[in-house]
Each structure stands twice: as C-alpha cells, then as structure tokens.
Ligand code: IPE
Ligand code: IPE
Ligand code: MG
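In this note's numbering, the protein residues as written are 2 to 249.
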C-alpha cells in the first residue's frame, strides 16, 4: 500500500464518481448494475477515508444535468440512493460519521428525501467525519441561488452591498459550513469539472485517474492522496515565499 504522510492529509476530499456506465458496458451488463457496483465503491471509499482520518468527504452522486437521463436510469439511481441510505445509516452512525447534503433535495422522490432528513437528524452530533452528498447539485445553480438570496437580504436591509466579499458570499452557498476541498478526484479518465463546486474549487488540487468508479479501490485513494502530498500549494505566491513562510 502507498505510504501517506499523516501530517499532510487533505482536510476535505471531493470526488466526481464517474464511469459506472462504461464499467457496465465493459462487463456487458445494464447501466443500473454498473451504478449498483458503484454504490459498493462508495461504501469502501467512505470507510477508507474515515480510517485515514479525512474530515470532510464530498461525493458527487447526482447532478442537476443527470435529471435529463432516461427515466429508467434516473429511477434506478433514486432507488439505489434510497437503498444506500437505508442499509448504511447504522454503519455511518457507528463510525461517528455525520451526513450532510448539498444540492436541492426537494427535487428528490419524497421517500428518498425523508430518508435523508432522518439520516441527517440521527447523525447530526457525530464528529469523526462529514460525509457530504451532492444530490441534484449544480455549481452554477448554487451560485445563482446565492446571488438571489443576497439580493433579497440586501433589499430587506439585512446586508449592505458594500460589505459583500468572498467570505460573506461563501456563507450563502450550500457549502457554508464546509471548507473548500483540498483535493478533487475524478475517475474514468474524463478531464472536466461538469458543473461541480465551481466556486469552491478555486485552489483545489486536481487529480484525474482512468480507473472507472466501480473499480476504485482503497489503493486508488491512497495514490490520489500521495500525489496531493507531493504538490506545492502556492496560492499565487512564489515557491521561495512559501519556503520563507515555513521557516518563520
Ligand atoms: C457516474 O457514472 C454516475 C452518475 C453520473 C450518476 P456514469 O453513469 O456517468 O458513467 P459513464 O460516464 O456513463 O461511464
Ligand atoms: C458528473 O458525471 C456527475 C456525477 C458524477 C454525479 P457525468 O457523467 O454526469 O458528467 P459528464 O456528463 O460526463 O460531464
Ligand atoms: Mg459519466
């Protein structure tokens, strides 16, 4: 297993879990069965991140754009989500994991939404890791919603437009209680963001792997983190400035 530096772990990992459909095609089975296998990879990944000591794990499970897929596939994904929540809740709770979501869960099937609300309540006081599921989520939609809310608050005298800055704007996003991701992983060899966390990824380290999501294993997470640990995060400064900062 790849060795990790426990003193330089990403606090927040976000994953675009892609490639279930292609995995199914490779195995000559239907797409839903690919998603089912993908759900197993979710279980393993959550467990691994919890073991390593990752504090925040955000998983892109369903995008706003995914609503445009064939009804059968959307229904299959919703059923799998419901099944995942029902089956995993005890385990998540036992591991001290708190469940949160970003995206518009009002768009989900009522039975799925209820399960999410109840899982959030049950796990609300857990503090070992936050598992944040992006459901019916779109980055641009999130930004527009924030702008609408700011305009409303400004009209109601709650906020003054002169005070709006990056920190205040962040507080209007779905991720208001979560730090920006340190590491973004996308599987399946696609090199794009697909409307995920557009604001939050400003200084995130990006890691792309050809591995299809259902094949994503513990060692793949380790490799991604090891790659992250080799990077120098400069945030616009020079390498020399960073070295100086480290010395002081
Ligand atoms: C990711 O796998 C799961 C979702 C987007 C819900 P895909 O279903 O996108 O798999 P590919 O990209 O077709 O292989
Ligand atoms: C992104 O994957 C969304 C999720 C992983 C839930 P997609 O498969 O929907 O993205 P595109 O269509 O390839 O950009
Ligand atoms: Mg895809």
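Glycine residues also receive a C-beta, built at the ideal position from the N, C-alpha and C atoms.
Is residue i helix, strand or coil when you go by DSSP?
i, result
"residue 102", "strand"
"residue 235", "coil"
"residue 203", "coil"
"residue 138", "strand"
"residue 197", "coil"
"residue 64", "strand"
"residue 49", "helix"
"residue 263", "Summary: the structure shown does not reach residue 263, with the chain confined to residues 2 through 249, and so no result is reported for it."
"residue 2", "coil"
"residue 217", "coil"
"residue 78", "helix"
"residue 133", "strand"
"residue 28", "coil"
"residue 87", "helix"
"residue 165", "coil"
"residue 125", "coil"
"residue 160", "coil"
"residue 222", "helix"
"residue 192", "coil"
"residue 55", "coil"
"residue 145", "helix"
"residue 174", "coil"
"residue 109", "coil"
"residue 247", "helix"
"residue 10", "coil"
"residue 117", "helix"
"residue 151", "helix"
Can you check whether the CB of residue j is closer than 8 Å to the CB of residue i?
i, j, result
"residue 188", "residue 212", "yes"
"residue 116", "residue 78", "no"
"residue 25", "residue 34", "yes"
"residue 10", "residue 69", "no"
"residue 243", "residue 233", "yes"
"residue 124", "residue 81", "no"
"residue 227", "residue 210", "no"
"residue 208", "residue 229", "yes"
"residue 151", "residue 165", "yes"
Can you tell me the Cβ-Cβ gap for residue i and residue j, rounded? I've got them flagged as a contact below 8 Å.
i, j, result
"residue 38", "residue 182", "Actually they do not touch by this definition, with Cβ atoms about 25 Å apart."
"residue 220", "residue 3", "7 Å"
"residue 91", "residue 140", "With 8 Å as the limit, residue 91 and residue 140 do not qualify as a contact, their Cβ atoms being about 32 Å apart."
"residue 98", "residue 132", "5 Å"
"residue 147", "residue 173", "4 Å"
"residue 32", "residue 74", "6 Å"
"residue 57", "residue 179", "6 Å"
"residue 204", "residue 170", "That belief does not hold up - the Cβ atoms of residue 204 and residue 170 are roughly 15 Å apart, past 8 Å."
"residue 113", "residue 143", "Actually they are not in contact, since the Cβ atoms of residue 113 and residue 143 sit about 20 Å apart, beyond 8 Å."
Measuring only the C-alpha atoms, how far is residue i from residue j?
i, j, result
"residue 130", "residue 41", "19 Å"
"residue 6", "residue 88", "33 Å"
"residue 19", "residue 200", "21 Å"
"residue 223", "residue 43", "15 Å"
"residue 122", "residue 176", "18 Å"
"residue 100", "residue 119", "10 Å"
"residue 154", "residue 28", "52 Å"
"residue 167", "residue 202", "14 Å"
"residue 52", "residue 22", "29 Å"
"residue 71", "residue 62", "16 Å"
"residue 96", "residue 246", "37 Å"
"residue 30", "residue 36", "11 Å"
"residue 48", "residue 158", "45 Å"
"residue 126", "residue 241", "42 Å"
"residue 190", "residue 217", "12 Å"
"residue 111", "residue 76", "13 Å"
"residue 50", "residue 231", "19 Å"
>> Between the stretch 11 to 18 and the stretch 169 to 185, can you find at least three pairs of beta-carbon atoms closer than 8 Å?
In response: yes
> Is the stretch 133 to 147 in contact with the stretch 99 to 109, if contact means three or more CB pairs nearer than 8 Å?
Replying inline: yes
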